[in-house]
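Residue numbers (the working numbering): 49 to 357.
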């Protein structure tokens, strides 16, 4: 994916009763004519009715959560914030930026996300596009959100969330550009992809807290990032479902255990904590949950972790 320039085109607004205070855009670049991102922006009810132009919203301060696989998870994130606010009046304002694709028959653009997340597909080699994807978020999407869509809002801390291959990308981006986000949320990261090399880079970049110093040098006034890692305990050790045949169960178990996100999440956590270079690191396993369910649970807990600093 080329670096830009990127154009953001507003889509026709949906009825406010369906997606209140949510706007959708297509992001396109003449340098990448076959690539389109679908961006969703969900903002608090307290900022005004949907009829109020976003450029007229002022006198607010907001945190921002960038959600990968936006087709699958952005609505979950925004609804969680809206459910949480009535029972936690101290919750700070937060904007959810979903980064997805213009899909009508799936929530995952499997090949393109494999490119963007730097997650090779077994049997289907794809180019490594994680550098360019991170540049798109950091250098194009974020400035557009802040300066074009919400120029009257004061923006504070940012978090990024990714699940599965998206969790691999979050881990890779943390290692390579640790100060790009205040909080990094990786759910069931597929760290076996790319032959497990991403985990090995943690110690190289951050050190081991003993004899390896690490390559990362923090900026003088920068705040060191925090990391939340979540996984389903049923991913590494699935249980046979009532309606499954033995053959179906064995096939599902073999697929899940190829990735073993629980074991790899523990390895990632141990290396990050052992480095002593981060503000905070949390690991949470979800009893009885498998891959899809853990993605939602870690998203909600990760958002709460991000907001509650």
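Every residue gets a Cβ at the ideal spot worked out from N, C-alpha and C, and that includes glycine.
Residues of its chain near residue i, where Cβ-Cβ distance is below 6 Å and the 5 sequence neighbours each way are ignored
i: residue 386; result: Since the displayed the chain opens at 49 and closes at 357, residue 386 lies outside it and no answer follows.
i: residue 354; result: 207, 231
i: residue 255; result: 261, 262, 323
i: residue 76; result: 55, 84
i: residue 268; result: none
i: residue 194; result: 203
i: residue 71; result: 89
i: residue 352; result: none
i: residue 129; result: 142
i: residue 176; result: 166
i: residue 325; result: 254
Proximity below 7 Å, CB of residue i to CB of residue j
i: residue 219; j: residue 274; result: no
i: residue 147; j: residue 166; result: no
i: residue 215; j: residue 228; result: no
i: residue 116; j: residue 210; result: yes
i: residue 321; j: residue 330; result: no
i: residue 178; j: residue 217; result: yes
i: residue 102; j: residue 198; result: yes
i: residue 316; j: residue 283; result: no
i: residue 226; j: residue 264; result: yes
i: residue 276; j: residue 171; result: no
i: residue 163; j: residue 174; result: yes
i: residue 187; j: residue 221; result: no
i: residue 82; j: residue 57; result: no
i: residue 367; j: residue 104; result: Any answer about residue 367 is impossible in this case: the structure gives the chain only from 49 up to 357.
i: residue 131; j: residue 139; result: no
i: residue 64; j: residue 98; result: yes
Residues of its chain near residue i, where Cβ-Cβ distance is below 7 Å and the 5 sequence neighbours each way are ignored
i: residue 110; result: 141, 142, 143, 201, 203, 204
i: residue 53; result: 77
i: residue 157; result: 149, 151
Nearest-angstrom Cβ-Cβ length linking residue i and residue j, presumed shorter than 8 Å
i: residue 286; j: residue 338; result: 6 Å
i: residue 345; j: residue 278; result: 7 Å
i: residue 272; j: residue 319; result: Not really, about 16 Å apart at Cβ, beyond 8 Å.
i: residue 114; j: residue 185; result: 6 Å
i: residue 242; j: residue 168; result: 6 Å
i: residue 237; j: residue 313; result: 7 Å
i: residue 112; j: residue 145; result: 6 Å
Residue i classed as buried or exposed, judged by whether at least 16 other C-beta atoms fall within 10 angstroms
i: residue 89; result: buried
i: residue 95; result: buried
i: residue 153; result: exposed
i: residue 266; result: exposed
i: residue 161; result: buried
i: residue 343; result: buried
i: residue 60; result: exposed
i: residue 86; result: buried
i: residue 69; result: buried
i: residue 295; result: exposed
i: residue 151; result: exposed
i: residue 62; result: exposed
i: residue 66; result: exposed
Same chain, Cβ closer than 8 Å to residue i, five either side skipped, listed in chain order
i: residue 46; result: The shown model of the chain, from 49 to 357, leaves out residue 46, and the question about it has no answer.
i: residue 306; result: 240
i: residue 290; result: none
i: residue 297; result: 286, 288, 289
i: residue 246; result: 216, 219, 220, 223, 239
Any non-hydrogen atom of the ligand ZN within 6 Å of residue i CB
i: residue 336; result: By its list of ligands, the structure shown contains no ligand whatsoever, and the ligand ZN lies outside what it can speak to.
Quick one: complete alpha helix (DSSP H) runs, 4+ long, within the segment 124-180?
-> 158-164
Any chance you could list the beta strand (DSSP E) runs of at least 3 consecutive residues sitting entirely within the segment 197-228, in chain order?
-> 201-211
Unbroken stretches of the beta strand (DSSP E), 3 residues or longer, contained in the segment 76-121 = 80-90, 108-116
At which residue ranges does the segment 240-290 contain complete beta strand (DSSP E) runs of 3 or more residues, listed in the order of the chain?
-> 274-280
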